[in-house]
Amino acid sequence: MLKNFDDEYRKKYNLKYLCGIDEAGRGPLAGPVVAASVIFHQDTFIDGVNDSKKVTIKNREKLFEKIIESCVCYSIGIVDVEKIEEINILQSALLAMKNSVESLELSPEIILIDGNKLFQCNLPKEAIVKGDSKSFSIAAASILAKVTRDRIMRELHEKYPEYNWIKNKGYGTREHINAIHKYGVTEIHRKSFLKKIL
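Counting along the sequence shown from 1, when you hit position 89 you're at 89 in our numbering, and nothing is skipped either side.
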């Protein structure tokens, strides 16, 4: 059970405020990378929270609202395409995570970060490989990040409907790649990701 993972950390280090962090949008050809940080009370549990990739779109939207209502605090960090092109996608993902945790109303006693990389920050932190399928807090953060990014891509779809971002969310589907060949590249595209395609 995901919550047990977090509880073991709380118990081991005698913690009150544990923070889970995850990001969404490292792989797409277009759009920002988004990270979320979230802190829960120890006794909070939300049924259905899991790695965002294992949750349906409809349930993610419902869980997003439940997470926001139930958490102690949360924060979102967004790094745009311009910055991704300047510092690369890995550094941008780490920057989005750093920004999200630094914007929290409370300072957590430990940060559990999905993946195997850490960002610069003075708080105790640990990278958890496949953390979004192990930790309740990281899984919740993965849903906040994914839903936020999907909403951004839906808005961008209104401006550029020919790329069908409402469906592919900027990922390199055949339809999206065909649209790039047909309509060209927008300022929302990550040019460094398109070298092989173009």
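Beta carbons are placed, not taken as given, at the ideal position from N, Cα and C, and that holds for glycine.
Does residue i pass the burial test, meaning 16 or more other C-beta atoms within 10 Å, or should it be called exposed?
{"i": "K146", "result": "buried"}
{"i": "P32", "result": "buried"}
{"i": "P161", "result": "exposed"}
{"i": "I87", "result": "exposed"}
{"i": "P212", "result": "Outside the modelled stretch of the chain, which goes from 1 to 198, sits residue 212, for which no answer is possible."}
{"i": "D51", "result": "buried"}
{"i": "I21", "result": "buried"}
{"i": "D43", "result": "exposed"}
{"i": "L90", "result": "exposed"}
{"i": "Y183", "result": "exposed"}
{"i": "H181", "result": "exposed"}
{"i": "H41", "result": "exposed"}
{"i": "S137", "result": "buried"}
{"i": "I78", "result": "buried"}
{"i": "E175", "result": "exposed"}
So what's residue i in DSSP terms, helix, strand or just coil?
{"i": "V152", "result": "According to the sequence shown, residue 152 is Ile rather than Val. Three-state DSSP puts I152 in a helix."}
{"i": "L18", "result": "strand"}
{"i": "E23", "result": "strand"}
{"i": "I39", "result": "strand"}
{"i": "V147", "result": "helix"}
So, under 8 Å CB-CB, residue i and residue j are touching, yes? Tell me the CB distance rounded to an integer number of Å.
{"i": "L2", "j": "S135", "result": "6 Å"}
{"i": "I76", "j": "C19", "result": "The pair is not a contact, with the Cβ atoms about 13 Å apart (cut-off 8 Å)."}
{"i": "R149", "j": "A93", "result": "Rounded, the Cβ-Cβ distance is 12 Å, inconsistent with contact."}
{"i": "A141", "j": "V72", "result": "Not really, about 13 Å apart at Cβ, beyond 8 Å."}
{"i": "A36", "j": "L123", "result": "Actually they do not touch by this definition, with Cβ atoms about 16 Å apart."}
{"i": "I188", "j": "V81", "result": "6 Å"}
{"i": "R190", "j": "E85", "result": "6 Å"}
If we require 3 or more residues per run, which beta strand (DSSP E) segments fall completely within the region 73-142?
Counting only runs that start and end inside the region 73-142, the beta strand (DSSP E) elements of at least 3 residues fall at 73-79, 110-114, 125-128.
Does the region 151-168 touch the region 43-60, meaning 3 or more C-beta pairs lie closer than 8 Å?
Output reads no: the region 151-168 does not touch the region 43-60.
Report yes or no: do three or more beta-carbon pairs, one from the region 159-175 and one from the region 85-102, lie closer than 8 Å?
As far as the Cβ criterion goes, the region 159-175 does not touch the region 85-102, which means the pair count is below three.
Cβ pair count under 8 Å reaching 3, the region 59-74 against the region 112-119:
As far as the Cβ criterion goes, the region 59-74 does not touch the region 112-119, which means the pair count is below three.
Any chance you could list the beta strand (DSSP E) runs of at least 3 consecutive residues sitting entirely within the region 160-193, in chain order?
Taking 3 residues as the minimum length, the region 160-193 contains no beta strand (DSSP E) run wholly inside it.
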